[in-house]
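**Student:** My questions all concern the structure below.
As structure tokens, then:
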């Protein structure tokens, strides 16, 4: 048999291996760390550490050294030599193969192909390990969903360095709404890398920039995936690994020191915890407290907010009425909110995007889908904006609904203090003041209510027409001397602003 291939009349037993043609990778049986269990896996051939990049039987280890891999017309099977332990692992095919071969490529991809297939065309592979990744992404691997076959390529951490079974963390593309990359711990969202916005992910825009490698993103109606490739055939040995603690690291092999060095790793902060500031909250790790409400919003539960429990987020200070004067507030350099309940279109521009949002009363925000070349494409949100992070170098711009009147109220704040004051608190004080000068005295709050509003962060009512206004009207003058005379006049009506008892 060829050193890198086995065919239907050949096997690989424990203690035997096949090596890719260029000597880059090796396939065989191994025991991880201090474990005595045996697994079928792929590791780097030229690295003394024997770093494993793929494991076949992660959940079904062998407790002996009698494992054997066989290729048949039905696919690949892993069992013991005498078959006493039954089927350990398999990769079945949907059709019977005439003369199948299993080959280990220099990319680290283990492929099954038939005699009438083109080995140089990946679409002709009957099965490939790159479609079933473990905790590692190698150059050339696709990370995402094949919409035609339904194959979802995602990464799952090892349970520990001694146990390659499924760990607690998964890193997966979520194609609901505008596609984004999500890290989960068990079934709970742990962190979001965000959607791909052209050069990088929204949540970590500088994470995948290097002179050694590049990331590309493809969404063509057939597949949605991200791919990691080395630049200009660099001789560097690199991989991305999802560790048992949930860290995604790009590692490079230092041959001189014989160690894996961290080339890049996401530096997790409290702002990377999913939804840490709740709906309509924005997180800035450089501020204390780190969470604040978007402009036009107030904490949903003020006492919890003051106690640094921000999980319930914020609500509109005043109810927005669809079709009235509202506007958008621009937030720059932010991580885009969770896009699972969004809509997107890659062919329209930002102005058209805004117009679409204005026409839909359920739309809460909009942004460009791609920031390259001045930006293009459109993303619309229709639910609460969750998991926004501020102060990201190279981050995205987003436009969120706000009362147009509120924008005008900001102009009432003295220019000397507008930047330094708490604008949320200032707007609240102005709104309370407007409630106190409403045209109809019955609408004005009592002093006890004013005191309560000043000392609590409760939601405020929308102020009505104030008491100072010009009124033009026609009236009859009651004149004894000339009862037939009619007069038209402009009157200035001044309402005495008396607080209710």
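In the UniProt record's numbering, the protein residues as written are 1 to 501. Note that the Cβ used here is the ideal one computed from N, Cα and C, for glycine as well. Just so it is clear, the structure is predicted and the values come from calculations on it, not from any experiment.
Which residue comes first and which comes last in the alpha helix (DSSP H) that contains residue 451?
**Tutor:** If you number the chain shown from 1, residue 451 lands on position 451. Unbroken alpha helix (DSSP H) run through residue 451: 447-455.
**Student:** Terminal residues of the continuous alpha helix (DSSP H) containing residue 216?
**Tutor:** Here the question's residue 216 lines up with position 216 in the chain shown. Taken as a continuous stretch (DSSP letters only), residue 216 belongs to no alpha helix (DSSP H), being part of the beta strand (DSSP E) at 213-219.
**Student:** Using a threshold of 8 Å, state whether the C-beta atoms of residue 79 and residue 86 are closer than that.
**Tutor:** Translated into the one-based positions of the chain shown, residue 79 becomes position 79. Translated into the one-based positions of the chain shown, residue 86 becomes position 86. Yes, these two residues count as a Cβ contact at 8 Å.
**Student:** Could you pull out every unbroken beta strand (DSSP E) segment of at least 3 residues lying fully inside the UniProt domain "Apple" (322-403), listed in chain order?
**Tutor:** With a minimum length of 3 residues, the continuous beta strand (DSSP E) runs that stay inside the UniProt domain "Apple" (322-403) are 326-334, 342-345, 365-367, 378-381, 396-403.
**Student:** Locate the alpha helix (DSSP H) running through residue 421, then write down its first and last residues.
**Tutor:** Within the chain shown, the letter at position 421 stands for residue 421. Per DSSP, residue 421 belongs to no alpha helix (DSSP H) and is neither H nor E.
**Student:** Cα separation between residue 458 and residue 212?
**Tutor:** Taking the chain shown and counting its residues from 1, one reaches residue 458 at position 458. Taking the chain shown and counting its residues from 1, one reaches residue 212 at position 212. Whole-angstrom Cα-Cα distance: 54 Å.
**Student:** If we call anything under 8 Å between Cβ atoms a contact, is residue 313 one with residue 271?
**Tutor:** Along the chain shown, read from residue 1 onward, the residue named residue 313 stands at position 313. Along the chain shown, read from residue 1 onward, the residue named residue 271 stands at position 271. Taking 8 Å as the Cβ cut-off, residue 313 and residue 271 do not qualify as a contacting pair.
**Student:** How is the alpha helix (DSSP H) around residue 249 delimited, first residue to last?
**Tutor:** Locating residue 249 in the chain shown gives position 249, counting from the first residue. First-last for residue 249: 248-254, but that is the beta strand (DSSP E), not the alpha helix (DSSP H).
**Student:** Since residue 129 and residue 109 are thought to touch, with beta carbons under 8 Å apart, how far apart are those beta carbons, to the nearest angstrom?
**Tutor:** For this step, residue 129 is matched to residue 129 along the chain shown. For this step, residue 109 is matched to residue 109 along the chain shown. Right, the Cβ-Cβ distance comes to about 6 Å (below 8 Å), so this counts as a contact.
**Student:** Rounded to the nearest angstrom, what separates residue 374 and residue 331 at their Cα positions?
**Tutor:** Indexing the chain shown from 1 puts residue 374 at position 374. Indexing the chain shown from 1 puts residue 331 at position 331. The straight-line gap from Cα to Cα measures roughly 16 Å.
**Student:** What three-state label does DSSP hand residue 127 in the structure shown?
**Tutor:** Indexing the chain shown from 1 puts residue 127 at position 127. Residue state, collapsed to three classes: strand.
**Student:** Hey, quick one: how far does the alpha helix (DSSP H) through residue 304 stretch, first residue to last?
**Tutor:** Position 304 of the chain shown holds residue 304. Counting along the chain, the alpha helix (DSSP H) containing residue 304 begins and ends at 302-306.
**Student:** Using a Cβ-Cβ cut-off of 8 Å (strictly less than) and excluding sequence neighbours within five positions of residue 480, which residues of its own chain qualify?
**Tutor:** In the chain shown, counting from the first residue as 1, residue 480 sits at position 480. Annotation note: pLDDT 30 at residue 480 (below 50); position unreliable, coordinate value reported separately. For residue 480, where only same-chain residues beyond five positions count, there are no Cβ hits under 8 Å.
**Student:** Out of 70, 102, 241, state which residue places its alpha-carbon closest to the alpha-carbon of residue 167.
**Tutor:** As a working mapping, residue 167 is identified with position 167 in the chain shown. The residue with the shortest Cα to Cα distance from residue 167 is 241.
**Student:** Going by the CB atoms, is the gap between residue 250 and residue 230 shorter than 8 Å?
**Tutor:** Your numbering for residue 230 matches position 230 in the chain shown. Your numbering for residue 250 matches position 250 in the chain shown. Their beta carbons are not under 8 Å apart, which means residue 230 does not touch residue 250 by this criterion.
**Student:** Ordered along the chain, which non-local residues of its own chain (more than five positions away) have a Cβ less than 7 Å from that of residue 299?
**Tutor:** Start at 1 with the first residue of the chain shown, and residue 299 comes out as number 299. Cβ neighbours of residue 299 beyond the five flanking positions: 293, 305, 314, 457.
**Student:** With DSSP collapsed to three states, give me the class of residue 85.
**Tutor:** Taking the chain shown and counting its residues from 1, one reaches residue 85 at position 85. Correct three-state label for residue 85: coil.
**Student:** Taking C-alpha atoms, which residue in 23, 455, 427 lies nearest to residue 105?
**Tutor:** Residue 105 sits at position 105 when you count from the first residue of the chain shown. That would be 23, whose Cα lies nearest to the Cα of residue 105.
**Student:** Along the chain, where does the beta strand (DSSP E) containing residue 180 start, and where does it finish?
**Tutor:** Along the chain shown, read from residue 1 onward, the residue named residue 180 stands at position 180. Its beta strand (DSSP E) spans residues 180-185.
**Student:** Looking at C-alpha atoms only, which residue of 357, 426, 462 is the closest neighbour of residue 443?
**Tutor:** Taking the first residue of the chain shown as 1, we reach residue 443 at position 443. Nearest of 357, 426, 462 to residue 443, Cα basis: 462.
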